[in-house]
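K.L.:
2 protein chains.
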Amino acid sequence: MSTEQLLQYRQRMRTELDRVLDFWLKYSHDTQHGGFFNCIGKDGKIYDDLKYVWLQGRQVWMYCRLYRTMERFHKPEILQAAKSGGAFLRRFARVSTGGSPWKCAFCLTRDGQAVKVQRTIFSECFYVMAMDELARVTGDNDMQVEAAQMMDQLVHWVRVDSSGLGRPQLPGDTQVCNMAVPMMLLCLVQQLIEGRSGEEVDKYKEVGSWCVKEILQHIQRGGTAILESISVEGKELPGCQGRLQNPGHALEAGWFLLQYSVENGDQELQRTAVDKFMEVPFLTGWDTEHGGLFYFLDVDGYCPTQLEWSMKLWWPHCEALIAYLMAYSQYKEPALLERFSQVYDYTFRHFSDTENGEWFGYLTQEGKVTLDFKGGPFKGFFHVPRCLYMCEKILDSILEK
Amino acid sequence: MSTEQLLQYRQRMRTELDRVLDFWLKYSHDTQHGGFFNCIGKDGKIYDDLKYVWLQGRQVWMYCRLYRTMERFHKPEILQAAKSGGAFLRRFARVSTGGSPWKCAFCLTRDGQAVKVQRTIFSECFYVMAMDELARVTGDNDMQVEAAQMMDQLVHWVRVDSSGLGRPQLPGDTQVCNMAVPMMLLCLVQQLIEGRSGEEVDKYKEVGSWCVKEILQHIQRGGTAILESISVEGKELPGCQGRLQNPGHALEAGWFLLQYSVENGDQELQRTAVDKFMEVPFLTGWDTEHGGLFYFLDVDGYCPTQLEWSMKLWWPHCEALIAYLMAYSQYKEPALLERFSQVYDYTFRHFSDTENGEWFGYLTQEGKVTLDFKGGPFKGFFHVPRCLYMCEKILDSILEK
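Chains A and B are the protein sequences, given in the same order.
With the first sequence counted from 1, adding 2 to any position gets you the working numbering.
With the second sequence counted from 1, adding 2 to any position gets you the working numbering.
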């Protein structure tokens with residue numbers, strides 16, 4: 003592939019990132035109560051004012067990351083928006099429902115009252131990401147301390163005792179290892195150690211290598227499948243849960259592992275990241291009939307029980323773009339750029355809204371937009387801008403060499 | 003429409019009911035641990051052995067109802083299967099997780115260990131249905147007493163104090179009235195009073211009229227919409243939750259109300275059941291482009307946030323068939339039979355599997371089967387056979403006159 007093509011990709015990533023950012027700057031800010039509206043229609047109209055903690059945290063993180071690491075986004079309005087989101091989170095996200103003082107809500111009213119609490123760790127994870135990144139741009143040490151304290155709590159819930167999450171103990175509910183947990187923690191480790199050193203960092207690095215070991219256990223069936231959920235012993239679980247594959251999630255794990263292994267100079271892990279977490283989900287997850295990545299698949303070919311299994315969602319495609327471009331920048335194998343190119347064509351043709359900006363999130367198997375909002379309970383200012391941002395950065399590095 | 007046509011409908015209902023019953027008798031019985039397999043592939047293969055309490059209870063109820071009220075199903079094998087399911091439920095469904103001794107699990111392992119508990123009332127409702135109907139065919143008074151005790155607990159949770167369900171109190175989580183709750187209770191009231199009299203029955207009748215009043219509050223926007231969730235004051239709620247419509251659910255409420263009002267000689271309520279709970283969901287919920295009933299709709303035309311909103315599910319079509327046929331048998335208005343006929347054509351063309359028996363449950367908006375199993379976590383031996391059974395009965399009564 004020619005340099006010309008790579009330049010065109012970069013140009014598109016840049017333009018698209020600018021447009022996506024504009025959309026959220028224009029429509030998502032709640033100037034009355036602080037924080038961000040999450041439910042935004044195709045043309046920018048707010049159709050619900052609930053605030054989802056995952057998405058609040060992610061938007062703070064993304065604004066700060068853009069502000070801190072890309073010159074054209076080093077603007078006061080972006081910093082201001084990030085601070086507003088951070089203040090909203092610090093004031094309202096944590097709920098004290100009898101359990102730990104670190105437990106965060108999943109969903110808040112517009113003015114910050116808790117509506118729903120999940121018995122998982124993810125609201126808290128995005129709280130850490132937001133606080134740490136915000137501390138980096140503001141220099142506010144309190145926020146960094148808060149991120150570190152929350153991280154300690156998370157590691158405790160995951161590795162020592164999960165009872166503080168509030169899940170009832172049931173005899174048939176055997177402990178399951180979901181790939182999301184070590185993935186998320188690894189992502190936080192990478193966030194917290196970036197550019198730092200010392201004792202804290204050593205502590206996080208130990209967590210990081212534990213996460214990698216955990217993620218690798220999800221390679222199952224002699225290396226031919228990445229399974230979302232496995233037993234504590236690292237074995238395949240019975241039933242639908244055990245057979246579930248989520249190609250987009252595997253691809254995301256792939257670039258997390260690749261980034262980690264490059265930074266740590268672990269060549270064997272690099273190759274595993276590409277061969278197992280990028281190649282396998284493509285071979286099993288790409289829809290050869292209509293294009294695009296399936297959302298869920300059963301490794302034995304049964305029909306998944308998730309109603310949305312055959313739909314094409316935006317975020318797996320975002321993760322795939324990052325994964326294949328990162329892999330190509332590492333190995334320069336034309337086949338990897340081919341994968342990127344194939345995903346790129348599908349993604350920009352189907353998800354990007356050339357009329358109103360931002361991307362659609364949900365397509366039928368055949369590629370028709372079936373939910374046309376730009377923001378919803380699980381779609382915020384995160385996967386799309388992170389993908390465009392990372393692809394632009396990677397293309398910069400490839401083109402500079 | 004000619005008698006010939008009605009006879010053809012009845013013949014199809016009969017044949018189909020026989021085939022559906024055969025499918026479940028053949029594939030769903032767990033002869034080792036008792037109870038029923040719920041996850042059954044298109045050709046009868048068990049793809050997961052988890053047992054869902056809603057579906058266990060519903061299957062017991064349906065077997066008993068067929069055994070008790072249709073001569074051709076008065077067979078020992080059906081009674082035996084119902085008893086096995088009932089014994090499994092009595093032994094394993096109730097969990098004592100610190101709260102009430104009446105709380106039931108949502109999902110059990112094959113050998114009956116609790117996997118998941120919902121903080122709602124529905125597992126318990128289907129337990130009542132199963133026990134009461136099983137008591138009627140076996141004459142086992144203990145079961146009837148158990149059904150009555152569970153019903154008391156349900157009414158207490160719904161009308162007095164829901165804290166025993168285990169939902170945390172959150173400041174932003176204002177109380178919401180979901181139509182499912184009074185609908186389900188009304189269904190239980192009808193079950194428990196059938197053919198009985200006395201003090202207990204008077205108690206249930208009071209509950210029944212409370213349920214009807216509650217359901218009627220879901221008629222909103224000057225009678226042009228049936229909204230799933232409303233405030234405790236009977237007003238529309240803000241946001242997506244407040245605007246949500248579920249046409250199949252409204253239609254089900256329609257025939258519950260029609261049945262109730264016919265039994266109670268309430269002509270005004272009869273008319274409301276038809277004009278509001280059957281006509282409105284058809285006008286708003288029928289897909290004029292591809293046919294079939296949408297699963298969810300937003301009353302203001304926003305895109306619902308449920309990923310499956312535009313899919314065509316089997317059960318709303320089952321409810322619609324019962325509703326329009328029952329309404330026609332009451333009023334003999336040709337327009338009502340036309341509605342039935344339109345739903346019938348779509349339903350039998352798209353859902354019924356002429357190859358392996360039983361019905362598919364999940365279609366795309368365009369009508370393609372997208373999940374091909376016959377049984378899953380929410381699809382059991384219930385909506386299809388109840389629909390066929392009730393339609394056959396209603397056609398009998400129309401044709402006899």
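Just so you know, even glycine gets a beta-carbon here, dropped at the ideal spot from N, CA and C.
(1) Might you give, ordered along the chain, the residues of its own chain that have their beta carbon closer than 6 Å to the beta carbon of C106 of chain B, omitting 5 neighbours on each side?
(2) For C109 of chain A, which residues from the same chain have a beta carbon less than 8 Å from its beta carbon, with the 5 sequence-adjacent residues on both sides left out?
(3) Given a limit of 9 Å on CB to CB distance, which residues of the stretch 37–52 of chain A reach chain B?
(4) Tell me which residues of the stretch 170–199 of chain A have at least one Cβ-Cβ distance to chain E shorter than 9 Å, keeping chain order.
(5) What residues of chain A sit near L110 of chain B, judged by a beta carbon separation below 9 Å?
(6) Please go through the same chain and pick out, in chain order, the residues whose beta-carbon is closer than 8 Å to the beta-carbon of K101 of chain A, but skip the five residues on each side of it.
(7) At a Cβ cut of 7 Å, what residues of the stretch 231–257 of chain A count as close to chain B, listed as they run along the chain?
(8) Where does I232 of chain B sit, in a helix, a strand or coil, going by DSSP?
(9) So what does F38 of chain B bridge to, in DSSP terms?
(10) Quick one: measure Cβ to Cβ for E254 of chain B and E340 of chain B, integer angstroms, because I've assumed they're closer than 8 Å.
(11) Buried or exposed for A347 of chain A, going by 16 or more other Cβ atoms inside 10 Å?
(12) Distance cutoff 9 Å, beta carbons only. Does V119 of chain A sit that close to anything in chain B?
(13) Is the CB of T290 of chain B under 9 Å away from at least one CB in chain A?
(14) Identify whether K53 of chain A lies in helix, strand or coil by the three-state DSSP scheme.
(15) For the stretch 187–198 of chain A and the stretch 140–159 of chain A, state whether three or more C-beta atom pairs, one from each stretch, are separated by less than 8 Å.
(16) Does any CB atom of chain A fall closer than 9 Å to the CB of T122 of chain B?
(17) Could you name the residues of the same chain whose beta carbon sits closer than 7 Å to that of A345 of chain B, not counting the 5 residues immediately before and after it, in chain order?
(18) State yes or no: is the beta carbon of S125 of chain B nearer than 9 Å to at least one beta carbon in chain A?
(19) Taking a Cβ distance cut-off of 9 Å, strictly less, list which residues of the stretch 362–383 of chain B are near chain A, in chain order.
(20) Comparing C-alpha positions only, which one of B:R67, B:L239, B:G46 sits nearest to W26 of chain B?
(21) Check whether the stretch 240–258 of chain A and the stretch 268–282 of chain A are in contact - that is, three or more C-beta pairs closer than 8 Å.
(22) Using a C-beta to C-beta distance shorter than 7 Å, which residues of chain B count as neighbours of E2 of chain A?
(23) Classify N143 of chain A as helix, strand or coil using the three-state DSSP reduction.
(24) Output the boundary residues of the alpha helix (DSSP H) element that contains V345 of chain B.
(25) Compare the C-beta of C305 of chain B with all C-beta atoms of chain A and state if any pair is closer than 9 Å.
(26) Please determine if the stretch 289–297 of chain B and the stretch 352–368 of chain B are in contact, where contact requires at least 3 C-beta pairs separated by less than 8 Å.
(27) Of all the beta strand (DSSP E) runs that stay within the bounds of the stretch 165–237 of chain A, which reach a length of 3 or more residues?
(28) What residue does the beta strand (DSSP E) around K118 of chain A start on, and which one ends it?
(29) So, using beta-carbon positions, are L172 of chain A and L259 of chain A closer together than 9 Å?
(30) Which ranges would you report for the beta strand (DSSP E) in the stretch 356–380 of chain A if only whole runs of at least 3 residues count?
(31) How many Å lie between D32 of chain B and G244 of chain A at the Cα?
(32) CA-CA distance, V371 of chain B and K205 of chain B?
(33) Show which residues of chain A have a CB atom less than 8 Å away from the CB atom of V97 of chain B.
(34) How big is the Cα-Cα spacing for D50 of chain B and F362 of chain B?
(35) For I400 of chain B, does the three-state DSSP call read helix, strand or coil?
(36) Give the interface partners of A116 of chain A over in chain B, defined as CB-CB distance under 8 Å, in chain order.
P.N.:
Inspection of the coordinates gives the following:
(1) In the second sequence, counting from the first residue as 1, residue 106 of chain B sits at position 104. V55, A95, R96, S125, E126, Y129, listed in sequence order.
(2) Position 107 of the first sequence, counting from 1, holds the residue named residue 109 of chain A. Excluding positions up to five away in sequence, the list reads L52, K53, Y54, V55, A116, V117, K118, P379.
(3) For the stretch 37–52 of chain A, residues whose beta-carbon sits nearer than 9 Å to a beta-carbon of chain B comprise C41, G43, K44, K47, Y49, D50, D51, L52.
(4) Looking at the structure shown, chain E is missing, and the protein chains on hand are A and B.
(5) The count along the second sequence starts at 1 and reaches residue 110 of chain B at position 108. Within 9 Å of the CB of L110 of chain B, the CB atoms of chain A belong to G174, in sequence order along the chain.
(6) On the first sequence, residue 101 of chain A is found 99 positions in, with the first residue counted as 1. Going by the sequence as given, residue 101 of chain A is Gly instead of Lys. Result list for G101 of chain A: G166, L167, G168, in chain order.
(7) Of all residues in the stretch 231–257 of chain A, only G241, C242 place a beta-carbon less than 7 Å from a beta-carbon of chain B.
(8) Here residue 232 of chain B refers to the residue found at position 230 when the second sequence is read from its first residue. In this structure, I232 of chain B counts as strand in the three-state DSSP scheme.
(9) For the purposes of this step, residue 38 of chain B is taken as the residue at position 36 of the second sequence. Beta-bridge annotation (DSSP): F38 of chain B is paired with B:H31.
(10) On the second sequence, position 252 is the one that residue 254 of chain B refers to. On the second sequence, position 338 is the one that residue 340 of chain B refers to. With 8 Å as the limit, E254 of chain B and E340 of chain B do not qualify as a contact, their Cβ atoms being about 20 Å apart.
(11) In the first sequence, the residue the question calls residue 347 of chain A occupies position 345. The amino acid occupying residue 347 of chain A in the given sequence is Asp; Ala does not appear at that position. Under this definition D347 of chain A is an exposed residue.
(12) Counted from its first residue, the first sequence places residue 119 of chain A at position 117. The beta carbon of V119 of chain A falls within 9 Å of a beta carbon belonging to chain B, placing the residue at that interface.
(13) Start at 1 with the first residue of the second sequence, and residue 290 of chain B comes out as number 288. Residue contact with chain A for T290 of chain B: absent (no Cβ-Cβ distance below 9 Å to any residue of chain A).
(14) The residue given as residue 53 of chain A occupies position 51 in the first sequence. Three-state DSSP puts K53 of chain A in a strand.
(15) Yes, since at least three Cβ pairs between the stretch 187–198 of chain A and the stretch 140–159 of chain A fall closer than 8 Å, the two stretches touch.
(16) For this step, residue 122 of chain B is matched to residue 120 along the second sequence. Not an interface residue.
(17) Residue 345 of chain B sits at position 343 when you count from the first residue of the second sequence. At residue 345 of chain B the sequence reads Val, which differs from the Ala that was named. Contacts found: H319, A322, L323, Y326.
(18) Locating residue 125 of chain B in the second sequence gives position 123, where the first residue counts as 1. Under the Cβ criterion of 9 Å, S125 of chain B is not counted among the residues facing chain A.
(19) Hits within the stretch, in order: Y364, T366, Q367, E368, K370, T372, L373, D374, F375, G378, P379, F380.
(20) For the purposes of this step, residue 26 of chain B is taken as the residue at position 24 of the second sequence. Ranked by Cα distance from W26 of chain B, the first of B:R67, B:L239, B:G46 is B:G46.
(21) Yes, they touch.
(22) Absent from the model: residue 2 of chain A. The displayed extent of chain A is 3 to 403, so no value can be given.
(23) Start at 1 with the first residue of the first sequence, and residue 143 of chain A comes out as number 141. Residue state, collapsed to three classes: helix.
(24) Within the second sequence, the letter at position 343 stands for residue 345 of chain B. Per DSSP, the continuous alpha helix (DSSP H) segment holding V345 of chain B begins and ends at 336–352.
(25) As a working note, residue 305 of chain B is residue 303 in the second sequence. Yes, C305 of chain B lies at the interface with chain A (some Cβ there is under 9 Å from its Cβ).
(26) Output reads yes: the stretch 352–368 of chain B touches the stretch 289–297 of chain B.
(27) Look at the stretch 165–237 of chain A and you find these whole runs of beta strand (DSSP E), each 3 residues long or longer: 178–180, 231–233.
(28) Residue mapping note: residue 118 of chain A aligns to position 116 of the first sequence, counting from 1. That run of the beta strand (DSSP E) goes 116–118.
(29) For the purposes of this step, residue 172 of chain A is identified with residue 170 of the first sequence, where counting begins at 1. For the purposes of this step, residue 259 of chain A is identified with residue 257 of the first sequence, where counting begins at 1. No; because the gap between Cβ atoms is not below 9 Å, this pair is not in contact.
(30) Considered as a whole, the stretch 356–380 of chain A harbours 371–373 as its complete beta strand (DSSP E) runs of no fewer than 3 residues, in chain order.
(31) Taking the second sequence and counting its residues from 1, one reaches residue 32 of chain B at position 30. Taking the first sequence and counting its residues from 1, one reaches residue 244 of chain A at position 242. Each residue's Cα considered, the two are about 21 Å apart.
(32) By one-based count along the second sequence, residue 371 of chain B stands at place 369. By one-based count along the second sequence, residue 205 of chain B stands at place 203. Looking at the two C-alpha atoms, the distance is approximately 45 Å.
(33) For the purposes of this step, residue 97 of chain B is taken as the residue at position 95 of the second sequence. Those are L172, listed as they occur along chain A.
(34) Reading the second sequence from its first residue, position 48 is the one you call residue 50 of chain B. Reading the second sequence from its first residue, position 360 is the one you call residue 362 of chain B. Straight-line Cα distance between these residues: approximately 17 Å.
(35) For the purposes of this step, residue 400 of chain B is taken as the residue at position 398 of the second sequence. DSSP, reduced to helix, strand and coil, places I400 of chain B within a helical segment of the structure shown.
(36) Here residue 116 of chain A refers to the residue found at position 114 of the first sequence. At a beta-carbon threshold of 8 Å, the residues of chain B lying near A116 of chain A are L172, P173, G174, D175, ordered along the chain.
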